[in-house]
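In my numbering, the protein residues as written are 7 to 682. What follows is a set of notes on a single structure, which appears directly below.
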Ligand code: D41
């Protein structure tokens with residue numbers, strides 16, 4: 007071998023190893039370790055090397071296959087017709103090159119226009135659904151394209167997936183599409199996971215992937231996944247003449263089909279759609295990561311065929327990633343309100359397209375730092391995951407300074423010096439100094455005054471720290487004892503501002519109980535749990551006196567939350583806080599104490615447009631009758647009351663076999679429960 011060949015062979019071996027590792031992380035563990043753009047770049051470099059030096063190509067190279075074999079837990083499912091994978095294009099000239107290849111292969115003149123179907127590329131997980139005699143019998147992930155994992159029970163919880171097909175569908179058909187999660191659902195789940203202390207998901211795709219790979223379908227159901235469908239595999243019936251007709255056929259059978267697909271008469275029209283796509287993306291309630299371009303005529307698709315598992319007749323245009331390269335100046339450790347220590351990387355400011363400047367990125371915890379081997383001084387790839395929290399994707403090892411050392415989380419709290427504890431099996435390290443740690447104290451007060459809690463305007467980070475530093479307050483309850491004279495001597499404080507702050511504090515006394523419960527900052531008690539507790543207990547005193555079993559009896563509240571609440575109320579600091587609140591007259595009540603117990607133990611979900619009352623009034627009525635009102639349907643739901651145009655919740659109720667009532671039936675039931 008020549009020196010050039012040896013170098014190419016070594017480089018190819020390195021790329022293969024890194025790509026295989028990345029595939030395992032991405033496909034089998036749902037934990038991407040490198041950026042998509044970096045993966046694509048490595049894949050291209052390897053493809054290029056293998057083309058230039060065919061003698062170094064190997065059968066098991068990642069260029070020859072996509073994905074990895076399924077991990078344990080699910081049974082393998084072999085697709086009747088393999089699921090193809092898509093080649094990528096990253097710019098206009100690569101899209102035109104694709105069009106050129108299509109024409110050349112078909113023997114068409116370069117001047118002839120080929121018709122394309124351009125579809126938004128959903129950032130989800132590809133699945134294949136098998137229908138036998140028009141009934142859904144199996145659902146499976148894509149896996150390596152040939153064999154995936156059988157996830158039928160999980161797919162049955164996705165309400166938009168048809169269980170049966172109409173009479174014009176064939177006896178046997180495999181329908182392919184993408185399962186995804188909306189931004190709203192992603193936000194809801196992460197907020198919930200934050201309150202329960204579980205690790206949050208980096209983006210909707212990971213959350214959807216995690217949901218599909220649950221061994222317990224009830225967990226999948228709670229993730230409210232959705233799907234879009236765009237292709238067929240094995241099929242005992244006829245095939246439409248075009249991709250657009252195929253999409254309409256799927257739609258007519260009840261499959262959700264993405265509304266933004268476009269029939270493009272030429273590649274120029276495709277490029278115009280691609281240019282429009284970023285502004286379409288802005289308006290969508292879910293993530294897309296590009297555009298899939300398909301030759302529209304199925305006959306031409308068949309003529310074009312595939313190379314390996316990549317069709318010659320389709321390509322994925324991928325949006326440029328919101329990524330940048332920067333350097334880590336320092337890693338600081340923040341102490342949260344419950345004492346959790348979070349490492350944060352301070353980086354040289356970097357602009358991520360389209361327009362946000364990033365200066366810090368979360369490193370989550372020591373395990374994450376170890377996994378990515380992130381060190382101070384490292385050059386790193388940074389990205390905005392799920393379009394929100396910046397995070398570090400990977401380290402550019404070749405640019406690591408010589409003297410760098412692995413980063414270790416401190417053994418003692420950076421704010422108070424107390425020895426840090428990290429329970430066995432937990433990722434999060436904590437400062438246990440609840441009462442004496444100034445950082446925890448400040449974070450607790452900031453939480454207390456925050457928008458979703460007591461919402462005290464005029465008290466931002468700086469003001470709160472100023473009040474703490476001046477010794478005017480120790481906790482949120484101390485705010486209510488402040489007088490204007492206390493504020494006036496402070497820096498940057500005028501007469502008007504002092505009055506406004508005092509008024510804002512006074513005004514917050516009227517916040518509803520749920521906000522006060524949330525403001526207390528009890529571990530695992532987020533906004534939603536606070537709502538449940540307020541509705542159930544009606545006042546702080548009743549909540550304080552609740553036992554673990556009283557709490558655990560509340561629908562949706564489990565042992566971890568119950569224990570945390572009881573522990574919170576058992577502490578002497580809490581006693582003092584509550585005494586100060588009571589002295590200041592902060593004692594909101596929820597008025598809906600049960601007037602009867604006829605509906606005790608029953609859970610209701612109201613969905614769709616109600617015409618006889620508002621949803622709030624109906625839920626209030628349920629509570630007055632001793633029942634519970636919930637926003638989401640689960641196996642534990644007793645009744646779903648469906649108004650007009652009820653959607654996914656109604657579907658879910660039917661899937662789970664939950665009893666469905668009309669609004670009139672509910673009215674009759676509530677009158678019965680009231681009268682005798
Ligand atoms: O929206 C998508 N993610 C999407 C994926 C789409 N709209 N169309 C697709 N078409 C195909 C072919 C052309 C191979 C039937 C795809 C995918 N494949 C695909 N998804 C995951 C791997 C391949």
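Where is the CB? At the ideal position from N, CA and C, for every residue including glycine.
Contact belief for residue i with residue j at Cβ below 8 Å, rounded distance in angstroms
{"i": "residue 291", "j": "residue 227", "result": "Their Cβ separation, rounded to whole angstroms, is 20 Å, which puts residue 291 and residue 227 out of contact at 8 Å."}
{"i": "residue 185", "j": "residue 233", "result": "5 Å"}
{"i": "residue 554", "j": "residue 530", "result": "Not a contact, Cβ separation roughly 13 Å."}
{"i": "residue 151", "j": "residue 84", "result": "Their Cβ separation, rounded to whole angstroms, is 11 Å, which puts residue 151 and residue 84 out of contact at 8 Å."}
{"i": "residue 252", "j": "residue 238", "result": "7 Å"}
{"i": "residue 540", "j": "residue 519", "result": "4 Å"}
{"i": "residue 421", "j": "residue 444", "result": "6 Å"}
{"i": "residue 269", "j": "residue 121", "result": "7 Å"}
{"i": "residue 22", "j": "residue 68", "result": "6 Å"}
Residue i burial status per 10 Å Cβ neighbour count (16 or more: buried)
{"i": "residue 477", "result": "exposed"}
{"i": "residue 5", "result": "Within the shown structure, residues of the chain are numbered from 7 to 682, placing residue 5 beyond reach of any answer."}
{"i": "residue 427", "result": "exposed"}
{"i": "residue 494", "result": "exposed"}
{"i": "residue 527", "result": "buried"}
{"i": "residue 396", "result": "buried"}
{"i": "residue 615", "result": "exposed"}
{"i": "residue 388", "result": "buried"}
{"i": "residue 487", "result": "exposed"}
{"i": "residue 611", "result": "buried"}
{"i": "residue 76", "result": "Confidence at residue 76 is low in this model, with a pLDDT of 40, below 50, so the placement of that residue should be treated as unreliable; the coordinate-derived value is given next. Result: buried."}
{"i": "residue 195", "result": "buried"}
{"i": "residue 129", "result": "buried"}
{"i": "residue 57", "result": "exposed"}
{"i": "residue 148", "result": "buried"}
{"i": "residue 668", "result": "exposed"}
{"i": "residue 378", "result": "buried"}
{"i": "residue 72", "result": "The predicted model places residue 72 with a pLDDT of 45, which falls under 50 and marks its position as unreliable; any figure quoted below should be read in that light. Its Cβ being crowded by 16 or more others within 10 Å, residue 72 is buried."}
{"i": "residue 286", "result": "exposed"}
{"i": "residue 89", "result": "buried"}
{"i": "residue 583", "result": "buried"}
{"i": "residue 180", "result": "buried"}
{"i": "residue 514", "result": "buried"}
Counterpart residues of residue i in DSSP-defined beta bridges
{"i": "residue 413", "result": "Answer is none; residue 413 lacks a bridge partner."}
{"i": "residue 138", "result": "141 and 178"}
{"i": "residue 336", "result": "352"}
{"i": "residue 122", "result": "270 and 301"}
{"i": "residue 668", "result": "Per DSSP, none; premise fails for residue 668."}
{"i": "residue 234", "result": "184"}
{"i": "residue 147", "result": "133"}
{"i": "residue 45", "result": "Paired residues: none, contrary to the question."}
{"i": "residue 324", "result": "296"}
{"i": "residue 390", "result": "396"}
{"i": "residue 95", "result": "323"}
{"i": "residue 347", "result": "341 and 435"}
{"i": "residue 634", "result": "609"}
{"i": "residue 165", "result": "Note: residue 165 sits in no beta bridge, so no partner."}
Same chain only: Cβ atoms within 6 Å of residue i, ignoring 5 sequence neighbours per side
{"i": "residue 441", "result": "579"}
{"i": "residue 321", "result": "93, 95, 104 and 299"}
{"i": "residue 393", "result": "Unreliable positioning characterises residue 393 in this predicted model, as indicated by a pLDDT of 48, which lies under 50. A coordinate reading is not provided."}
{"i": "residue 211", "result": "129"}
{"i": "residue 78", "result": "Here residue 78 scores only 42 on pLDDT, less than 50, and its place in the model is too uncertain to base an answer on."}
{"i": "residue 624", "result": "612"}
{"i": "residue 330", "result": "356, 358 and 388"}
{"i": "residue 425", "result": "418"}
Residues near residue i by beta carbon distance below 8 Å, same chain, minus five either side
{"i": "residue 199", "result": "205, 206 and 207"}
{"i": "residue 410", "result": "381, 382, 383 and 384"}
{"i": "residue 305", "result": "247"}
{"i": "residue 497", "result": "472"}
{"i": "residue 145", "result": "133, 134, 135, 136, 156, 157, 158, 160, 161, 162 and 167"}
Cβ shell of residue i (< 7 Å), same chain only, five flanking positions each side left out
{"i": "residue 111", "result": "310 and 318"}
{"i": "residue 342", "result": "348 and 449"}
{"i": "residue 468", "result": "none"}
{"i": "residue 346", "result": "434 and 436"}
{"i": "residue 160", "result": "218, 220, 223 and 226"}
Chain D contact for residue i (CB, 8 Å cutoff)
{"i": "residue 59", "result": "Among the chains of the structure shown, chain D does not appear; only one protein chain is present."}
Check: residue i C-beta below 7 Å from any heavy atom of the ligand ADP
{"i": "residue 256", "result": "The model on display carries the ligand D41 but not the ligand ADP."}
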